[in-house]
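Enquirer: So for the sequence shown, my numbering puts the first residue at 598; every next one is plus one. Virtual Cβ for every residue (Gly too), placed ideally from N, Cα, C.
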Amino acid sequence: MQLHVSPSMRSLTISSNNGFIDLMKIKVAARHISYRTLFHTILILAFLLPFVFILTAIVTLEGVNKCSSFDCLGRRLGPRLLGRVDDSGQRLVKDFYKIINQVNAEEIPDGIKLPDSFNQLVSKMKNNQYDAKTFALMLRAMMEKLEREIRESKFSELMNKHFAASSIPKGLYCLSLRLTDEYSSNAHARRQLPSPELLPVLSNNSYHHFVLSTDNILAASVVVNSAVQSSLRPEKIVFHIITDKKTYAGMHAWFALNPVSPAIVEVKGVHQFDWLTRENVPVLEAVENHHGIRNYYHGNHLAGANLSNTTPRTFASKLQARSPKYISLLNHLRIYLPELFPNLDKVVFLDDDIVIQRDLSPLWEIDLWGKVNGAVETCKGEDEWVMSKHFRNYFNFSHPLIAKHLDPDECAWAYGMNIFDLRTWRKTNIRETYHYWLKENLKSNLTMWKLGTLPPALIAFKGHIHPIDPSWHMLGLGYQSKTNIEEAKRAAVIHYNGQSKPWLQIGFEHLRPFWTKYVNYSNDFVRNCHILEL
């Protein structure tokens, strides 16, 4: 495109190389237009011409270069300049949405034969000359089929994970058997724990007493090793390990053969506590022997479940609530600590799926201000799985007894690392309250709550909780793979609560090293049972 001004400054000609001659010609009368006006006119045209060029280029790309007159170009450019375009594309989109809405409202015919892939669908469409509606119907049927298959696969994955979490790995089973055999054949494995001269320490309140209730020998060793190695004063540590009758020999043998001096370890079986009689724990006997309860925890978890109306996340929560550990006496023992240790004033109770990374001596210096249970609250975090829990997450508030006595917005707290003031506890009716609500839940056929031992404890310890700093106890390492590694490194205690325990294949690989660093893989029993570093 060219701009030509005559020598006399009386005419201005605009021409193009596309065959448009004298596209625009302006004649100027010298006596009426000043040079200033002419300059401003040229400036405005210089501003407008690039837009004209762009429109011309667009039309040329669309085939308008076949036009041979200005009139033709005007007919093509006019609608664009006025904002009017061909609406055939819009009509196509409207027709497409109309077909989609029709297909969405119709039922998919029974027995419809669906292709296995999109390529097969396209090929079938070409061969059978499907119309748009038939194509959309087939596509919808394929998508719904894939959604069902993905959903079923997700539920199967959750079931397999539940079974993996509930089972005992072969290596741990081997370890227990070999140590039990060692207990029966090796006098050193049967030596008294602790030695007779240290027995008075077991009731000496100047020491730091930890209580651990577990039937997992390897997990117990990690808890004890991590506590001793992280302590600034390990000679003040006393561990009271409580286990069941079948695991007692193996547990005793492990700590007899692998002392953690200067710390002191006591191993006792539930059968060795005179106080744990049927008369004192009638509710727990009912929990263990009630046919409906045992069937709920050990039966078919899919029977009666309406998976079509259940999300995978809800199903995962229900499976977690049906872990067999929740009807184990070992899991309920913490409610009897004042009676099991009548001479102790304060203890720290630990779960077996934790790792201690910092000296815990300052816990004994925390003033609980007359409360019984020092615990981390779990309602003040952002993640939905662990640190945003209120009573509504644990209880069925459609039950009249729950709705009458509890507040759905009340903050929950965590088991796993708790400071218990046993002297204050003995002045309360916490145990009786715990028993009462367990009985009521049994009477209601478990309609008040489903999840294990925490809900009745939330009720029993109501008004007896002293919140402690969350840095003492970091939860969720068995639930979520997105755990912040730096926060985990700084926490005093990390807790693998959830299904993905570090000793299982389903544990999170990047979180497992926090736990495995305290496993003695050079130990003969560990090596012979092929408990290798994962």
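Since Trp1010 sits in a beta bridge, which residues does DSSP pair it with?
Expert: Within the sequence shown, numbered from 1, the residue matching residue 1010 stands at position 413. BP columns for Trp1010 point to Glu974.
Enquirer: Who are the near neighbours of Glu863 in its chain, counting only those whose CB is closer than 8 Å to its CB and skipping five residues on each side?
Expert: In the sequence shown, the residue the question calls residue 863 occupies position 266. Excluding residues within five positions, the ones whose Cβ falls inside 8 Å are Leu790, Pro791, Leu799, Val835, Phe836, His837 and Ile838.
Enquirer: Can you tell which of Ala1011, Asn783 and Ala824 has the C-alpha that lies nearest to the C-alpha of Gly978?
Expert: Translated into positions along the sequence shown, residue 978 becomes position 381. The shortest C-alpha separation from Gly978 is found at Ala1011.
Enquirer: Give me whichever residues DSSP pairs with Glu863 in a beta bridge.
Expert: Position 266 of the sequence shown holds residue 863. Glu863 is bridged to His837.
Enquirer: Nearest by alpha-carbon distance to Ala702: which of Ala733, Lys721 and Ser714 is it?
Expert: Counting from 1 along the sequence shown, the entry for residue 702 is found at position 105. Residue Ala733 is the option with its Cα nearest to Ala702.
Enquirer: So what does Asn1015 bridge to, in DSSP terms?
Expert: Translated into positions along the sequence shown, residue 1015 becomes position 418. According to DSSP, Asn1015 bridges with Phe946.
Enquirer: Where do the ends of the beta strand (DSSP E) carrying Pro1064 lie?
Expert: Here residue 1064 refers to the residue found at position 467 of the sequence shown. Ile1062 to Pro1064 is the span of the beta strand (DSSP E), which, as asked, contains Pro1064.
Enquirer: Secondary structure at His1032, three-state DSSP: helix, strand or coil?
Expert: Sequence index remark: in the sequence shown, residue 1032 carries index 435 (1-based). DSSP places His1032 in helix when its eight states are reduced to three.
Enquirer: For Phe852 and Asp956, I'd like the C-alpha separation in whole angstroms.
Expert: Residue numbering aside, residue 852 sits at position 255 when the sequence shown is read from its first letter. Residue numbering aside, residue 956 sits at position 359 when the sequence shown is read from its first letter. If I take the Cα positions, the gap works out to 22 Å.
Enquirer: Can you name, in chain order, every residue of its own chain whose Cβ lies under 7 Å from the Cβ of Pro766, other than the five neighbours on each side?
Expert: Taking the first residue of the sequence shown as 1, we reach residue 766 at position 169. Excluding residues within five positions, the ones whose Cβ falls inside 7 Å are Trp1100 and Leu1101.
Enquirer: How many angstroms separate the CA atom of Asn928 from the CA atom of Gly1013?
Expert: Along the sequence shown, read from residue 1 onward, the residue named residue 928 stands at position 331. Along the sequence shown, read from residue 1 onward, the residue named residue 1013 stands at position 416. If I take the Cα positions, the gap works out to 11 Å.
Enquirer: With burial defined as no fewer than 16 other Cβ atoms inside 10 Å of the residue's Cβ, what is the status of Phe1017: buried or exposed?
Expert: On the sequence shown, position 420 is the one that residue 1017 refers to. Counting Cβ neighbours within 10 Å, Phe1017 comes out buried, since at least 16 surround it.
Enquirer: Could you tell me the alpha carbon to alpha carbon distance between Lys1001 and Phe752, rounded to whole angstroms?
Expert: In the sequence shown, the residue the question calls residue 1001 occupies position 404. In the sequence shown, the residue the question calls residue 752 occupies position 155. Computed Cα separation, rounded: 35 Å.
Enquirer: Quick one: any contact between the stretch 1084-1101 and the stretch 938-953, if contact means 3 or more CB pairs under 8 Å?
Expert: Flag = yes, the stretch 1084-1101 and the stretch 938-953 touch.
Enquirer: Buried or exposed for Asp1066, going by 16 or more other Cβ atoms inside 10 Å?
Expert: As a first step, residue 1066 is located in the sequence shown; it is residue number 469 there, counting from the start. Exposed, by the Cβ-count rule.
Enquirer: Leaving out the 5 sequence neighbours to the left and right, which residues in its chain are closer than 6 Å to Met848 when beta-carbon positions are compared?
Expert: What you label residue 848 is simply residue 251 of the sequence shown in a count that begins at 1. The answer, listed in chain order, is Ile814, Thr840 and Val864.
Enquirer: Near Ile697, which residues of its chain fall below 8 Å by C-beta distance, leaving aside the five closest residues on each side in sequence?
Expert: Your numbering for residue 697 matches position 100 in the sequence shown. Counting only Cβ-Cβ distances below 8 Å, and skipping sequence neighbours, we find Ala733.
Enquirer: Pick from Leu796, Cys1126, Met1071 and Ser714: whose alpha carbon is nearest that of Ala1089?
Expert: Start at 1 with the first residue of the sequence shown, and residue 1089 comes out as number 492. Looking at the Cα atoms, Met1071 is the closest of the given residues.
Enquirer: Going by DSSP in three states, His1127 sits in which element: helix, strand or coil?
Expert: In the sequence shown, residue 1127 corresponds to position 530, counting from 1. DSSP places His1127 in coil when its eight states are reduced to three.
Enquirer: What ranges does the alpha helix (DSSP H) occupy inside the stretch 1055-1107, keeping only unbroken runs of at least 4 residues that lie completely in it?
Expert: The qualifying runs are 1082-1087.
Enquirer: Nearest to Trp1069 by CA position, among Phe1111, Ile1091, Cys771 and Pro939, is which residue?
Expert: Position 472 of the sequence shown, counting from 1, holds the residue named residue 1069. Closest option to Trp1069, Cα to Cα, is Ile1091.
Enquirer: Which of the three DSSP states, helix, strand or coil, is assigned to Leu1139?
Expert: Only positions 598 to 1131 of the chain appear in this structure, which leaves residue 1139 out of reach.
Enquirer: Measuring CB atoms only, is the stretch 981-1001 touching the stretch 1038-1045, in the sense that at least three cross pairs come out at less than 8 Å?
Expert: Judged by Cβ distances under 8 Å, the stretch 981-1001 makes contact with the stretch 1038-1045, as three or more pairs qualify.
Enquirer: Count the other C-beta atoms from every protein chain shown that fall within 10 angstroms of the C-beta of Glu754, then say buried if there are 16 or more, exposed otherwise.
Expert: On the sequence shown, residue 754 is found 157 positions in, with the first residue counted as 1. Per the 10 Å Cβ criterion, exposed.
Enquirer: Compute the distance between the beta-carbons of Phe988 and Glu1007, then report whether it is under 7 Å.
Expert: On the sequence shown, position 391 is the one that residue 988 refers to. On the sequence shown, position 410 is the one that residue 1007 refers to. For Phe988 and Glu1007, yes; Cβs fall inside 7 Å.
Enquirer: How would you write the range of the beta strand (DSSP E) that Phe807 sits in, first residue to last?
Expert: The residue given as residue 807 occupies position 210 in the sequence shown. Per DSSP, Phe807 belongs to the beta strand (DSSP E) from His805 to Ser810.
Enquirer: Quick check on the burial criterion: 16 or more other C-beta atoms within 10 angstroms. Buried or exposed for Arg931?
Expert: One-based indexing of the sequence shown puts residue 931 at position 334. Buried, since its Cβ has 16 or more Cβ neighbours within 10 Å.
Enquirer: What three-state label does DSSP hand His996 in the structure shown?
Expert: On the sequence shown, residue 996 is found 399 positions in, with the first residue counted as 1. DSSP places His996 in coil when its eight states are reduced to three.
Enquirer: Apart from the five residues just before and just after Pro712, which ones in its own chain have a Cβ nearer than 6 Å to its Cβ?
Expert: Within the sequence shown, numbered from 1, the residue matching residue 712 stands at position 115. Leu718 and Lys721.
Enquirer: Which same chain residues, not among the five before or five after Tyr1031, have their C-beta less than 6 Å away from its C-beta?
Expert: Taking the first residue of the sequence shown as 1, we reach residue 1031 at position 434. Excluding residues within five positions, the ones whose Cβ falls inside 6 Å are Ile932, Pro1053 and Ala1057.
Enquirer: Near Pro859, what residues of its chain come up, given a Cβ to Cβ distance below 6 Å and the 5 sequence neighbours on each side ignored?
Expert: Walking along the sequence shown from the start, residue 859 turns up at place 262. The answer, listed in chain order, is Pro831 and Glu832.
Enquirer: Should the stretch 771-787 be called in touch with the stretch 817-824, which here means at least 3 C-beta pairs below 8 Å?
Expert: The stretch 771-787 vs the stretch 817-824: no contact.
Enquirer: Would Met984 be called buried (16 or more neighbouring beta carbons within 10 Å of its own) or exposed?
Expert: Taking the sequence shown and counting its residues from 1, one reaches residue 984 at position 387. When all chains shown are included, Met984 counts as buried.
Enquirer: Would you grab the beta carbon distance between Ser823 and Tyr1118 for me? Rounded to a whole angstrom, and I think it's under 8 Å.
Expert: By 1-based counting over the sequence shown, the position of residue 823 is 226. By 1-based counting over the sequence shown, the position of residue 1118 is 521. That pair is no contact at about 15 Å.
Enquirer: If Ile861 sits next to Leu795, beta carbons under 8 Å apart, how far is it from one beta carbon to the other, in whole angstroms?
Expert: Translated into positions along the sequence shown, residue 861 becomes position 264. Translated into positions along the sequence shown, residue 795 becomes position 198. About 6 Å; that satisfies the 8 Å criterion.
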